[in-house]
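Each residue of the sequence shown is one higher than the one before, starting from 146 at the first, in the numbering used here.
Reading through the structure tokens given below for one structure.
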Amino acid sequence: MQKLKPVACRSNVCSLFPSTTLSDCRHVCIPVSTKPHGHSPVYSGPHHVIRRTKKTISVSIQGHDTSIAIGRTKPAFVLDNDLHGTSLLNHARREVFAQLAH
Numbered sequence: 146m147q148k149l150k151p152v153a154c155r156s157n158v159c160s161l162f163p164s165t166t167l168s169d170c171r172h173v174c175i176p177v178s179t180k181p182h183g184h185s186p187v188y189s190g191p192h193h194v195i196r197r198t199k200k201t202i203s204v205s206i207q208g209h210d211t212s213i214a215i216g217r218t219k220p221a222f223v224l225d226n227d228l229h230g231t232s233l234l235n236h237a238r239r240e241v242f243a244q245l246a247h
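Shown next, in the form of structure tokens:
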């Protein structure tokens, strides 16, 4: 028993590896803080990026500017062209496929 030595514990600090595309993306998605139920989305967005610093990204959420840590964001890739003047993001998946089929 006297030969046993304590083992060093794990560090709780995670390395942060933000996506390289966050430096030039125009929109980001942010994780929802509540536990998802059923088919509810895990991320909210896409949100328009207003400005960015080394550690934070300022986005527009419901008309208000909000700063969020870079580690909590994921890049969102949005099509520049809209489908019949409305964004693809505002339609349900069935409606979009129905319009594309015609």
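The C-beta atom is built at its ideal place from N, Cα and C for all residues, glycine as well.
In this text the structure is predicted, and so the values were computed from the model without any measurement.
- Burial is judged here by how many other beta carbons sit within 10 angstroms of a residue's own beta carbon; I202 has at least 16 and is buried.
- Rounded to whole angstroms, the gap between the alpha carbons of T166 and S212 is 18 Å.
- Our two residues, H172 and C154, have alpha carbons roughly 39 Å apart in a direct line.
- Distance from H192 to I206 at the Cβ level is roughly 6 Å; contact confirmed, criterion being Cβ atoms closer than 8 Å.
- Annotated three-state conformation of G216 is helix, per DSSP.
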